[in-house]
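See structure below.
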Amino acid sequence: FSRMVLRKLEEVAKAQIDIATIAPSHGVIWRRDPGQIVEAYRRWASGEAKERVVIVYETMWGSTERLALALAEGVTDEGVEAMVRGLPMADRTDVIKELLEAKGLLVGSSTHNQRMLLNIAAFMDDLKGLRFTRKLAAAFGSHGWAGGAVPQLEQDLREAGFDLFTADLAVRWAPSEEDLARAREFGRTFAREVIKSLAQPVPVHHGTEA
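In the working numbering, the protein residues as written are 16 to 225.
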């Protein structure tokens with residue numbers, strides 16, 4: 016609902032309404048300094064973000080986790096913050112909160128029954144419903160005799176509205192040193208894209224466009 020949020024915030028500003036309390040139909044009632052909540056929603060709806068990449072994954076035997084850690088090394092090499100979160104150990108709602116102000120997302124899964132694992136599948140379903148704006152993403156993962164998770168992740172990321180990069184990190188069996196080196200290099204490349212994207216101005220939405 017980003018565009019609707021921005022339109023409503025603009026309407027409230029033009030009406031010069033003095034906001035004393037924010038009382039949603041569900042959620043927290045905010046009575047102290049509501050202006051900081053209004054500003055936070057403006058940032059989130061505008062797609063403003065930090066030099067941060069969230070790396071979220073689900074692994075079976077540790078291979079996808081090794082790729083995630085190698086990607087994080089590459090991201091931090093470029094001075095960009097990397098937040099590595101493994102599901103289901105991390106709560107996916109906490110991961111989504113961290114993604115709110117992150118510019119990039121790297122998402123990985125092992126392949127099981129030619130599909131992504133269940134916790135990552137639930138996470139991707141959340142992303143498709145939320146439809147973040149102006150964020151970059153790529154997929155990675157490990158598989159055995161047959162793949163499937165990485166192409167599905169890429170399709171879900173497109174449907175969720177992310178600007179997709181191809182990582183070429185669908186690795187068979189345990190990642191080799193060459194695979195890990197490619198992951199680190201892609202992490203560096205992705206971090207540079209994050210920095211470049213943040214240097215571009217945030218578009219301003221006006222009027223009543225749908």
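Beta carbons are placed, not taken as given, at the ideal position from N, Cα and C, and that holds for glycine.
Selection from the options that minimises the alpha carbon distance to residue i
| i | options | result |
| --- | --- | --- |
| Gly89 | Gln215, Leu213, Arg199 | Arg199 |
| Val71 | Lys65, Leu84, Asp48, Trp59 | Leu84 |
| Arg47 | Ser125, Arg67, Ser78, Ile34 | Ile34 |
| Thr36 | Lys23, Gly50, Ala30 | Gly50 |
| Ala161 | Lys150, Ala185, Asn134, Val69 | Ala185 |
| Met75 | Ala182, Gly159, Phe205, Pro216 | Gly159 |
| Arg58 | Leu195, Thr126, Arg18 | Arg18 |
| Arg22 | Pro39, Val43, Ala60, Ile32 | Ala60 |
| Ile135 | Trp188, Arg67, Thr108 | Thr108 |
| Lys65 | Thr79, Val43, Ala117, Glu73 | Ala117 |
| Thr79 | Asn128, Thr91, Ala164 | Ala164 |
| Val68 | Gln129, Arg197, Ala154 | Ala154 |
| Asp171 | Asp183, Lys143, Glu208 | Lys143 |
According to DSSP, residues forming a beta bridge with residue i
| i | result |
| --- | --- |
| Lys118 | Bridge partners of Lys118: none, in fact. |
| Arg187 | His158 |
| Ser40 | Beta-bridge pairing links Ser40 to no other residue. |
| Arg58 | Note: Arg58 sits in no beta bridge, so no partner. |
| Ala97 | Val68 |
| Arg130 | His127 |
| Asp178 | Leu151 |
Extent of the continuous beta strand (DSSP E) run through residue i
| i | result |
| --- | --- |
| Ser157 | 151-158 |
| Gly202 | From DSSP, Gly202 is part of no beta strand (DSSP E) but of the alpha helix (DSSP H) over 192-213. |
Residue span of the alpha helix (DSSP H) that contains residue i, given as start and end
| i | result |
| --- | --- |
| Glu26 | 17-30 |
| Val90 | 78-92 |
| Arg146 | It is not in any alpha helix (DSSP H) - Arg146 carries neither H nor E in the DSSP assignment. |
| Glu73 | Where Glu73 is concerned, there is no enclosing alpha helix (DSSP H), although the beta strand (DSSP E) it sits in stretches over 65-73. |
| Ala182 | That residue, Ala182, is in no alpha helix (DSSP H); it is neither H nor E in DSSP. |
| Ala164 | 164-174 |
Any non-hydrogen atom of the ligand NAD closer than 8 Å to residue i Cβ
| i | result |
| --- | --- |
| Val99 | This structure simply doesn't include the ligand NAD, nor any ligand for that matter. |
Does the contact criterion of 3 or more C-beta pairs under 8 Å hold for the segment 46-57 versus the segment 135-145?
No, the segment 46-57 is not in contact with the segment 135-145.
Validate contact between the segment 144-158 and the segment 194-214 using beta carbons, cut 8 Å, 3 pairs
Cβ pair count under 8 Å is three or more, so yes.
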